[in-house]
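Notes follow the structure.
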Amino acid sequence: MRLLTHNMLCNPMKGFENAFPLKLIPTKITKEEVKYNPAFIVNMIPKLDYKALTYAASTVGVKDLPSELPLQISAEQHDVLLRSLHHTLLEIHVEEGKLVCPKSNREFPIKQGIPNMRLNEDEV
Amino acid sequence: ALAAVLAAVTMCVCLANWPAATVVGKGRRPEQQGVRIFYDEFQAKKYATSSRMIKVQTDMTKRAMELLEIPLGTETMILDVGSGSGLSGEVLSEKGIQWVGIDISESMLDQAQKRGVKGNLVIGDIADGLPFRGRVFDAAIGISCLQWLADEDNRDHSFKTLIHFFKSLRSCLTETGRAVFQYYPKSPNESKMVEDAAKKAGFKGGTMVDDGEVKKLSKHYLCLSLGTKQSFMRESDAQQWKEKRAAKKERKMNAQKDRGKKRPRGHALDPEKRSKYSRRSRRRFLT
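Residue numbers (my numbering), protein chains in the order written: chain A, 158 to 281; chain B, 532 to 818.
Written out as C-alpha cells, the structure reads:
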C-alpha cells in the first residue's frame, strides 16, 4: 500500500466518513522505484491532505518533507520538493501492517501490500 | 471397451478436481450466484488467464475510457471499481495513468498482484460505500462489475445499495468527475433501476448500448457526469464561453430594440466580409 493510497482511505462505515486519516501502523516496508512524473505530482498536490501525508511519512521513517507546501508549485522551481513527494507517495510500500480508525478504533489489516477495508456482517 | 474405461477415468478425475463452490448451473450467469461464492481461487485464475477474457475486458476498458470524454493524461487519478484481476487496470497503466482499484475478492486481487499490476489495490465491498475521502478521483471506470450490486430477488434492497454506492462515488469524484460503468443488466428493468439510483445520487447521464441488435453481443455502458457540459471545461474555456454567451445575449437585446428598422447590409458590400456563399456570388454560381 503506497502512502498515496493511505492519503485517500477512510472508514467506509456509516457515520464515520470523516474519520480521516486512518492511523498507520506498518510492520513491514519495502521500497520500489517508480518513474518520476512531475505532472502527476503537481496535479495531485491540491487534492492531497498534506497533514495526513506528513503524519504517514513520519510513521514510515521519511523526515525530509517540509511542514507546509508553498502556494504556487512549478515543476522547474520546486524540483527537489516534487521529487521527495514522488518518493514518499509512490515509492514506499507498506507490505504488512494495519490501519486504525481514529474514532472507532476499528482495525483494517494490510496484507501483501493490500489494505482490507471490508466490513463485517454486523457493521454494515 | 478400453476407450470406455479411459473416458470413465477421465470423467472421474475431472469431477474430483472441480471445486464444489464453483459448479455453475447450466446457462446461469455468474452474478446469479453471488460474487463472494463465484470468484474463489479457481475461478479467479481461470478469469485472469483466459485469452478471450483478456481481450474482451481490454476492449471494454478502452471503450469505457473513450466514453469518459475527458482527456486522460498521465496526471490523472482514476478509480477502477471492481478491478478484479487487473485486466482493466493494465489498460490504464499502459497509458501511464495512476489508478486505485477496489475489489471484494482477495483471490482476484492476488491474481492482479501475480500479473504485476502497477495500480494501488484495495480490498473492499462497494456495497458498503467506497472507502475514500472526498474529491480525490478525476474519473472512475467499472468493467463488468455493477451487475453484482443488482439482485433480482430483492429489488428494494438492491436499489438502496446502488444509491448508497453512487452517493459515495459522487463524493470521492472531483466536481468535474465522470464515471463509466460497463455491466450486464439482466433485464431492461434492472438497467432502469441502476440509472434511477445514479440519478437519485445526483448524477446525470444514461446508458449507451453497443451492438444492441444481438442480445448476446450487446454491451451496456452507464455514463455518468456531475454537471452540464460546462462543468468539464477548463476554467479559461469556461470564462470564454461565458463571455460569448453574454455577447450573444447583448446582441439579441440590441436586435430587439432595432426591430422594424432596416437591417444593415454591410457584408455583401465589404469585400473582406463577403463570403463566397453570400447572395451575390451564389446567384453567379447558379447561373
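A virtual CB, placed ideally from N, CA and C, is assigned to each residue, including glycine. Being a predicted model, the structure only gives us computed values, none of them experimental.
DSSP links N273 (chain A) through a beta bridge to B:I654. A Cβ-Cβ distance of about 5 Å is found for the pair H250 (chain A) and T187 (chain A), placing them in contact under the 8 Å criterion. When secondary structure is reduced to three states using DSSP, M639 (chain B) falls in the helix class. Within 8 Å of the CB of V257 (chain A), no CB atom of chain B is found; the nearest one sits about 14 Å away.
Here the region 675-694 of chain B makes no contact with the region 640-655 of chain B; the two share fewer than three CB pairs at distances below 8 Å. Cα atoms of V612 (chain B) and D656 (chain B): separation of roughly 10 Å, rounded to the nearest angstrom. Contact check for L181 (chain A) against T216 (chain A) passes: the beta carbons are separated by less than 7 Å. Just so you know, the alpha carbons of D687 (chain B) and N720 (chain B) end up roughly 13 Å apart. G647 (chain B) carries a coil assignment under DSSP once its states are collapsed to helix, strand and coil.
Ranking A:Y193, A:L247 and A:M274 by CA distance to the CA of V257 (chain A) puts A:M274 first. 7 Å or more divides the Cβ of G650 (chain B) from the Cβ of G673 (chain B). Take the alpha-carbon of T184 (chain A) and the one of R159 (chain A): they are about 14 Å apart. Interface residue (Cβ-Cβ distance to chain B less than 7 Å): I186 (chain A) is not classified as such. DSSP lists B:Q713 and B:M739 as the bridge partner or partners of Y752 (chain B). Residue state for Q234 (chain A) is assigned as coil, using DSSP reduced to three classes. For the pair V725 (chain B) and A595 (chain B), the CB atoms are not nearer than the 7 Å cut-off. The Cβ atoms of S636 (chain B) and Y570 (chain B) sit closer than 7 Å to each other.
The residue from B:L677, B:S675 and B:E621 with its alpha-carbon nearest to that of L652 (chain B) is B:E621. No residue range can be given for M170 (chain A), since it is assigned to no beta strand (DSSP E) and is classified by DSSP as neither H nor E. Contacts between N651 (chain B) and chain A, judged by CB atoms closer than 8 Å, involve M158, R159, L161 and T162 in chain order. Look at L640 (chain B): its C-beta is under 7 Å from a C-beta on chain A. Between the beta-carbon of R664 (chain B) and that of F177 (chain A) there is about 5 Å, and that keeps the pair under the 8 Å contact cut. In the assembly as shown, W772 (chain B) is an exposed residue. Its beta-carbon has fewer than 16 other beta-carbons within 10 Å. Annotation: D279 (chain A) to M170 (chain A) spans about 11 Å, alpha carbon to alpha carbon. With the rule of 3 Cβ pairs closer than 8 Å, the region 728-740 of chain B does not count as touching the region 775-791 of chain B. For L276 (chain A), the nearest CB of chain B lies under 7 Å from its own CB, placing it at the interface with that chain.
Taking 7 Å as the CB threshold, F690 (chain B) stays off the interface with chain A.
For I271 (chain A), the closest Cβ of chain B is nearer than 7 Å. Looking at the DSSP output, W630 (chain B) shares a beta bridge with B:I609. In terms of Cα proximity to L205 (chain A), the closest of A:M165, A:V219, A:A196 and A:P227 is A:M165. With fewer than 16 other Cβ atoms from the protein chains shown falling within 10 Å of its own Cβ, P602 (chain B) counts as exposed. The residues L618, S619, E621 and V622, in chain order, have a CB closer than 8 Å to that of T589 (chain B) in the same chain once the five nearest residues on each side in sequence are set aside. Those residues of the region 576-607 of chain B placed with their C-beta closer than 9 Å to a C-beta in chain A are G604, T605, E606 and T607, ordered along the chain. Among the bridge pairs identified by DSSP, T187 (chain A) is matched with A:H250. Counting along the chain, F668 (chain B) sits inside the beta strand (DSSP E) bounded by residues F668 to I674.
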